[in-house]
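Under the working numbering, the residues of the sequence shown are numbered 23 to 440, in order.
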Amino acid sequence: MTLSADSSSSGDHAISSRTSSSAELILLVNGPGELYTWARPLIAALRQQAPEARVVLALLPCPFASGYERGVAETLEVDAVVPVPETLEFIAGGRKPAGCAKLERGLVIGLGGDVGFPGRIASRLGYAAWRYSFEPYWHKGLEKLFVHDARTLERALRGGATAMEIGNLTADALNLEDAPAKQTGLDVLLIPGSRGFQVTHLLPFFAGVAQAIRAALPTVRFHYPRSALVSEADFALAMSGVKVADMGGVALRLEGADLVTPDGTRIALHDENQRYGLMKNADLALTIPGTNTLELGIAGVPSIICLPLQKMELIPIENPLRYLEHLPIIGKPLKRKLVEAYLSRFPYFSLPNMIADEAIQLELRGDLTVGQISAAALQLLERPSERQRIKARLEATMPKAGTAQRLARMMLTRVGVT
């Protein structure tokens, strides 16, 4: 499915038959990770527990957004999708979005985005405001903050928040997909990110790694679940390989359902909705920092998390400093130094390692090469006992499913539906 950044207006998804419900639940979502791993399982739980409830998904701006989030949001089982401009207009005091019914009772829950937005929207609608977050940020407009672990809860309570630990929604997202039948042999999953700049650089880079692995282990199978947030233009650019001339990597061609490298290495191309099933069957994954590292950890997949710094100036920054790269001459070098300084503050950059405070997954950072990554991958592929050790540590430390059902039940109770 090809998604358009100019999907149909929110009027097409506006007030549905569920306006007869006495309660409305508005989920605020600001980025690809929150959309897939937080909103999707929570919506599924709400629909299971109270099919009659009105559920609205309102999109917020995000520096990591691809422009295709709205198209993905409209595939979810919600009564309306409010696009970013309408959400911001309402926050700024403008008209109510067409997709919001403003019913007798309601609840706004922030799943990412500015900490003050849920309270602002809720106050204008006469609803309660909650927030779910991996960070302890609090705002006076919130009624309650839900966090994923005890350490974050402690920080939130110290900051004066009305908060409680509820668990990690990401674990529930993986339960939405079943694994296909596992074939004999080794399967390697390539996840080069979901944003255009990531895929154009890292898909051909990881394809080069796949080529090198296959030269040593010819029977290994490779899989790439293409994100629905990647545009056709960015995918074509990635296939050309032109963005990795100074990094290594190879161009690709499409043959049927496979991507094929110059030496004939085949990488099976999958829809994104097969991603979690593929994770459950993978023996190894190659990926980059982000929510995907947590998904892989929960799925128990030994992974190599790569942070190539050859293109450090492309890494997004979630504040006005992200505009530095546009300054002539000094912009890109200055941004590189700021990113380097920021990264040096953290001993780990993958979420499983950060959660466990332990080097479970292998992290590689620096001016990485195809040879360096393929050598590390071969070491793991040829050592099943080491992969099993990693899987056991992930099983012991990663969050478990159940959060979506708990949070949905509390939301519905708050608005008097159950």
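Beta carbons are placed, not taken as given, at the ideal position from N, Cα and C, and that holds for glycine. Quantities reported herein were computed from a predicted structural model and do not represent experimental measurements.
When DSSP states are grouped into helix, strand and coil, S407 belongs to the helix group. At a Cβ-Cβ threshold of 7 Å, G388 and L308 do not count as neighbours. R173: member of the alpha helix (DSSP H) spanning A172 to R180, first to last residue. Around S396, the same chain offers V231, A234 and I235 as residues with beta carbons nearer than 7 Å, after the five sequence neighbours per side are excluded.
The C-alpha of L98 lies about 40 Å from the C-alpha of S407.
Taking C-beta atoms as the reference points, M433 and L82 fail to come closer than 7 Å. The alpha-carbon separation between D101 and L360 amounts to approximately 42 Å. 7 Å or more divides the Cβ of K166 from the Cβ of T192. Contact check for A250 against E294 passes: the beta carbons are separated by less than 7 Å. CA-to-CA, the gap between T206 and A304 works out to about 12 Å. The stretch 407-423 and the stretch 317-328 touch, with three or more beta-carbon pairs separated by less than 8 Å. According to the DSSP assignment, E187 belongs to no alpha helix (DSSP H) but to the beta strand (DSSP E) extending over A185 to E187.
By the criterion of a C-beta distance shorter than 6 Å, L225 is surrounded in its chain by P214 and A260, once the five residues flanking it on both sides are discounted. Around the C-beta of R117, fewer than 16 other C-beta atoms lie within 10 Å, and the residue is accordingly described as exposed. Boundaries around R153 are those of the beta strand (DSSP E), A150 to S155, since no alpha helix (DSSP H) includes it.
Per DSSP, reduced to three states, the secondary structure at S325 is strand. The stretch 411-420 makes no contact with the stretch 241-249: fewer than 3 CB pairs, one atom from each, lie closer than 8 Å.
Going by beta carbons, G134 and V221 fall outside the 7 Å limit. Rounded to the nearest angstrom, the gap between the Cα atoms of L329 and L390 is 8 Å. Closest option to H223, judged by alpha-carbon separation, among L212, Y370, L239 and G263: G263. Between the alpha carbons of E404 and T419 lies a distance of about 25 Å. In this structure, the alpha-carbon of F257 lies about 20 Å from that of Y58. Burial of F112 is indicated by the presence of at least 16 other C-beta atoms within 10 angstroms of its C-beta. Residue environment analysis places T287 among the buried positions, since at least 16 neighbouring C-beta atoms fall within 10 angstroms of its C-beta. D280: member of the beta strand (DSSP E) spanning D280 to V282, first to last residue. The beta carbon of L316 sits closer than 6 Å to those of T192 and L373, all from its chain and outside the five residues before and after it, given in chain order.
For T309, DSSP records a beta bridge to I213 and I327.
Going by beta carbons, A45 and V439 fall inside the 7 Å limit. Note on the stretch 53-87: whole beta strand (DSSP E) runs with a minimum of 3 residues are 76-81, in chain order.
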